[in-house]
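One structure below.
Numbering (my numbering), first residue to last: 197 to 489.
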């Protein structure tokens, strides 16, 4: 699969490279936080590994850019057992990548990461990010001195694809979008788009990125927005009492000064509080609002 994806990227005239990585080690290193991060894929020269993953990376150089910024598209798939929904995800990723390859107005590089998620989606993306930001400098190339069997000789030391195995980078990541087609039995048969906006450590993406997805789904496909909320708060009696008190106070203040628009309707206050609480919870546990027809 990695060879096929790379061939499609090359046919578009884009740069392509592979990245091999091993599963995350389960050993605890208490001093790792205070030291430079080591790359998870590094293995001893002349060593052999049979259980590894292969990420395929395609890079479009922006015709109007200076190479300092990039946008990342990620499509995860299990290379050992590719499901139909994962094939659709790869097809979607390639379609977007192919379309952008013909865009003359691009000012940021575009990176397409086909993440091998046989060890989990997080492990594949984390391994790539680790090597992207923390390059490993060795006297001898790990790639050229290490044979990793079972990958159609992609990483054979005698391979002629030395250029493809050299890890390539673009500019600083200005934004990243991970998209995958969900399994039918899990997400039901209806069409829907679910956006996982909250990330680790309370990070939030640029709102423009969410607005683009929202615009395409709502105004182009006719979907409606359904923001996830705590259902328990929607039916909470004490929250409704607080909302009524605040609404009364806001109504009085608005009579004093009409410019003070503080009289929020009770249902809007309850719904907004439930949505806010759900968003804060998702930021803590790292998980969304969905767009459905």
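By construction, the Cβ of each residue, glycine as well, lies at the ideal position given by its N, Cα and C atoms.
- In the structure shown, residue 250 adopts extended strand secondary structure according to DSSP, grouped into three states.
- If you look at residue 476, you'll find it isn't in any beta strand (DSSP E); it sits in the alpha helix (DSSP H) that goes 462-481.
- Pairwise C-beta distances place the region 323-330 out of contact with the region 277-294, as fewer than three of them are shorter than 8 Å.
- Non-local beta-carbon contacts of residue 474 in its own chain, meaning distances under 6 Å to residues more than five positions away in sequence, involve 424, 425 and 426 in chain order.
- For residue 216, the three-state secondary structure derived from DSSP is strand.
- As the crow flies, the alpha-carbon of residue 298 is around 28 Å from that of residue 388.
- With respect to the C-alpha of residue 211, the residue from 300, 366 and 454 having the closest C-alpha is 366.
- Short of 8 Å from the beta carbon of residue 405, and not among the five residues preceding or following it, lie these beta carbons of its own chain, in chain order: 371 and 373.
- Between residue 281 and residue 314, the gap from beta carbon to beta carbon reaches 8 Å or more.
- Cβ-Cβ distances below 7 Å link residue 446 to 458, 459 and 460 in the same chain, with the five nearest sequence neighbours on each side left out; the list follows chain order.
- One thing to note: residue 309 has its Cβ within 8 Å of the Cβ of residue 253.
- Residue 418 and residue 466 have their C-alpha atoms roughly 27 Å apart.
- Fully enclosed alpha helix (DSSP H) runs of no fewer than 4 residues occupy 427-430 and 433-452 of the region 427-455, in order along the chain.
- With respect to residue 247, residue 214 sits apart: the two C-beta atoms are not nearer than 8 Å.
- Residue pairing by DSSP puts residue 308 in a beta bridge opposite 254 and 269.
- By the Cβ neighbour-count rule, residue 311 is buried, with 16 or more other Cβ atoms within 10 Å of its own.
- In this structure, residue 413 keeps its C-beta atom at 8 Å or more from the C-beta atom of residue 401.
- The shortest CA-to-CA distance from residue 305 to any of 368, 379 and 451 is the one to 368.
- In summary, residue 390 is exposed, with fewer than 16 beta-carbon neighbours lying within 10 Å of its beta-carbon over all protein chains present.
- Counting other Cβ atoms within 10 Å of its Cβ, residue 263 stays below 16 and is therefore classed as exposed.
- Linking residue 319 to residue 481 through their CA atoms gives a straight-line distance of about 18 Å.
- Note on geometry: alpha-carbon atoms of residue 301 and residue 260 lie some 6 Å from one another.
- Residue range 317-329 is occupied by the alpha helix (DSSP H) that includes residue 321.
- Beta-bridge partners assigned by DSSP to residue 374: 270.
- The three-state reading of DSSP puts residue 409 in helix, counting H, G and I together.
- Looking at the DSSP output, residue 211 bridges to 255.
- In the three-state DSSP reduction, residue 420 falls in the strand class (E or B).
- Secondary structure of residue 414 (DSSP, three-state): helix.
- In this structure residue 470 is in contact with residue 430, their Cβ atoms being roughly 5 Å apart against a cut-off of 8 Å.
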